[in-house]
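**Student:** This is the structure I have questions about; it appears just below.
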Amino acid sequence: MSTLPSFASFFEENPSIKKQKKITIHVHDEIKNTMRDFKCSGYLLLKEMPYFRDYLPINHHQWDNIDITVHCDVNIFQWLINYIKKKGGEELKLDVNNIVPLLLSSEFLKMNSLVKKCISFCCSHLNDVIAASNNMHGISDKIVYRIASRFDQRQIYQLQDNDDKFKSRLFRVKLDEIFKSDYSTELSPNNASTLFRCLVCGKYLLAYICNQISCSIDRMTIDSYGNIRWCHERLFVDAKRGVKILDSCLLEAVQS
2 MSTLPSFASF
12 FEENPSIKKQ
22 KKITIHVHDE
32 IKNTMRDFKC
42 SGYLLLKEMP
52 YFRDYLPINH
62 HQWDNIDITV
72 HCDVNIFQWL
82 INYIKKKGGE
92 ELKLDVNNIV
102 PLLLSSEFLK
112 MNSLVKKCIS
122 FCCSHLNDVI
132 AASNNMHGIS
142 DKIVYRIASR
152 FDQRQIYQLQ
162 DNDDKFKSRL
172 FRVKLDEIFK
182 SDYSTELSPN
192 NASTLFRCLV
202 CGKYLLAYIC
212 NQISCSIDRM
222 TIDSYGNIRW
232 CHERLFVDAK
242 RGVKILDSCL
252 LEAVQS
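Quick note on my numbering: the sequence shown kicks off at 2 and runs consecutively.
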């Protein structure tokens, strides 16, 4: 596998190759049923699209016999080629119609800086992106997590996504976070890592508040301050002694 230091040092020692050596990429657009060839500096291709470093040799003498075929929308790939060439230094436009294909392609090609720009655009225009896109199911879990980290639960709830193209995936990330023992935010100061189902009343409860939620009448107690407390039962797994059934007040004492 080619690494960036060896890649960079090779072209620094051979600067003329940057402009002279071209590589042809055959782009097959299956939706439009068309094929288009793109020519690009091998140096630029390896520098800006790190995906190809795993498949192209650094030695430019071996490029002549290399055939590259990419399955992609031709217009999206044209955008990407223009982006890495930065013709005239102009900033290429991201919009709600091209953002998801660009996000998918840039992640695949390991274009991290473009991925970051696409994520920022998505987060700033997420309602419009959801409305305009039909392929959001193709967004990787890793990218979904990065997008979800920019929103809290209320903001996700307020998203306009009647067809549930993306909203439930964002909520799934938040649910995964809430069940982590170290999770705490201003909106959710407590986490759900202690969630359990009472074996007596069948309610789902959190350990920190369970003794304030009613259970069967014979599970009621009075504490030293005269307050009513409820002792729910749950399964407590002891790795050394097997499974034990303890009521919550005893378990809280064990944990403390």
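C-beta atoms are modelled at their ideal positions from N, C-alpha and C, and glycine is treated no differently. All values derive from a computational prediction rather than experimental measurement.
Which stretch, first to last residue, makes up the alpha helix (DSSP H) that contains Phe39?
**Tutor:** Per DSSP, Phe39 belongs to no alpha helix (DSSP H); it is in the beta strand (DSSP E), Thr35 to Ser42.
**Student:** Can you confirm whether the stretch 47-54 touches the stretch 111-120 when touching is taken to mean that 3 or more C-beta pairs between the two stretches lie within less than 8 Å?
**Tutor:** Yes, the stretch 111-120 is in contact with the stretch 47-54.
**Student:** Compare the beta carbon distance of Val75 and Val97 with 9 Å and say whether it is the shorter of the two.
**Tutor:** The answer is no: Cβ separation not under 9 Å.
**Student:** Using a Cβ-Cβ cutoff of less than 8 Å, which residues in the same chain neighbour Ala240 once the five nearest sequence positions on both sides are dropped?
**Tutor:** With a pLDDT of only 49 at Ala240, under the threshold of 50, the placement of this residue in the model should not be trusted; the figure read from the coordinates follows. Excluding residues within five positions, none has a Cβ falling inside 8 Å.
**Student:** Helix, strand or coil, according to DSSP, for Val28 in the structure here?
**Tutor:** DSSP places Val28 in strand when its eight states are reduced to three.
**Student:** Can you give, in chain order, each stretch of the alpha helix (DSSP H) that sits fully within the stretch 137-169 and has at least 4 residues?
**Tutor:** If we require 4 residues or more, the alpha helix (DSSP H) runs fully inside the stretch 137-169 come out as 142-149 and 154-158.
**Student:** Relative to the C-alpha of Leu46, which residue among Thr35, Ile32 and Ile82 is closest?
**Tutor:** Selected option, being the one with the closest Cα: Ile82.
**Student:** By Cβ distance below 7 Å, which residues in the same chain neighbour Tyr146 in space, the five residues on each side in sequence not counted?
**Tutor:** For Tyr146, where only same-chain residues beyond five positions count, the Cβ hits under 7 Å are Val174.
**Student:** Whose C-alpha, out of Ile59, Leu57, Asn66 and His27, is nearest the C-alpha of Phe78?
**Tutor:** Per the Cα distances, His27.
**Student:** Using DSSP's beta-bridge definition, name the partner residues of Thr222.
**Tutor:** According to DSSP, Thr222 bridges with Arg230.
**Student:** Measure the alpha-carbon distance for Leu196 versus Phe180 and round it to whole angstroms.
**Tutor:** Approximately 8 Å, taken between the alpha carbons.
**Student:** Can you tell me whether DSSP reads Ile69 as helix, strand or coil?
**Tutor:** Looking at Ile69 - three-state DSSP - the assignment turns out to be strand.
**Student:** Could you tell me how far apart the beta carbons of Cys199 and Glu234 are, in whole angstroms, since I believe they sit closer than 8 Å?
**Tutor:** 6 Å between Cβ atoms; contact.
**Student:** What three-state label does DSSP hand Leu46 in the structure shown?
**Tutor:** Reduced to three states, the DSSP call for Leu46 is helix.
**Student:** Kindly indicate the opening and closing residues of the alpha helix (DSSP H) around Val97.
**Tutor:** Here Val97 belongs to no alpha helix (DSSP H), and DSSP marks it neither H nor E.
**Student:** Between Ala149 and Tyr158, what straight-line distance do the alpha-carbon atoms span, to the nearest angstrom?
**Tutor:** Rounded to the nearest angstrom, the two C-alpha atoms are 12 Å apart.
**Student:** Apart from the five residues just before and just after Ile85, which ones in its own chain have a Cβ nearer than 6 Å to its Cβ?
**Tutor:** Counting only Cβ-Cβ distances below 6 Å, and skipping sequence neighbours, we find Leu45 and Glu49.
**Student:** Between Cys119 and Leu95, what straight-line distance do the alpha-carbon atoms span, to the nearest angstrom?
**Tutor:** Each residue's alpha carbon lies about 8 Å from the other.
**Student:** Suppose you measure from the CA of Arg170 to the CA of Cys73; what does that come to, to the nearest Å?
**Tutor:** In a straight line, the C-alpha of Arg170 is about 25 Å away from that of Cys73.
**Student:** Buried or exposed: Leu252, going by 16 or more other Cβ atoms within 10 Å of its Cβ?
**Tutor:** Confidence is the limiting factor: at Leu252 the pLDDT is only 45, short of 50, which leaves the residue's position unreliable, though a coordinate-based value still follows. Buried: at least 16 other Cβ atoms inside 10 Å.
**Student:** Just curious, the alpha helix (DSSP H) that Ser189 is in, first and last residue?
**Tutor:** First-last for Ser189: undefined, no H or E at that position.
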